[in-house]
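Read through the structure below, which is laid out as structure tokens, and then see the notes.
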Amino acid sequence: SSSSSSSTTTSAANSADVEIAKAWFDKVFDHYLVAHTSAIYEGDTALNSFEAKVQDTPERKLGKPFYTTTDMDYKHFVENKQVYIDAAAQRNVTLEVEAHPKGHHLLRFKPRP
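As numbered in our numbering, the sequence shown has no gaps in its residue numbers, which increase by one up to the final residue, 472.
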């Protein structure tokens, strides 16, 4: 029964984290994906995706227009990636997050028809 309590804590995301991720994704959707989506699909065939490279650390800043426009809390994102992936999925978008050895993250948004 100790395994069931540990699975409960890992699967239940903090509601504040969920709200932060949802608010962020709403801005991503409105500022980037709405305009981009019309170019993504031809019938039911996905033509491409939208990508952003981001890093906001004292050592390096990458993708500032993206994280500024979307009010991204980079540290929160890095610590709660799955919550952000789930927020995107709720809006019918697959979010792939690829960590790079230099420290930045590649975010790939794939809207689903």
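For glycine and all other residues, C-beta sits at the position ideal for the given N, C-alpha and C.
query, result
"Rounded separation between Tyr-433 and Pro-472 - CA only", "28 Å"
"Among His-464, Asp-430, Arg-467 and Lys-440, the one whose alpha carbon lies nearest that of Asp-316", "Summary: the structure shown does not reach residue 316, with the chain confined to residues 360 through 472, and so no result is reported for it."
"CA-to-CA distance, Leu-465 to Glu-410, given in whole angstroms", "7 Å"
"First through last residue of the beta strand (DSSP E) which encompasses Asp-415", "409-415"
"Of the listed residues Ala-446, Lys-469 and Tyr-391, nearest to Ser-374 (C-alpha basis)", "Ala-446"
"Nearest to Glu-378 (by Cα), restricted to the options Leu-454, Phe-436 and Lys-423", "Phe-436"
"Under the three-state DSSP convention, the category Pro-424 falls into", "helix"
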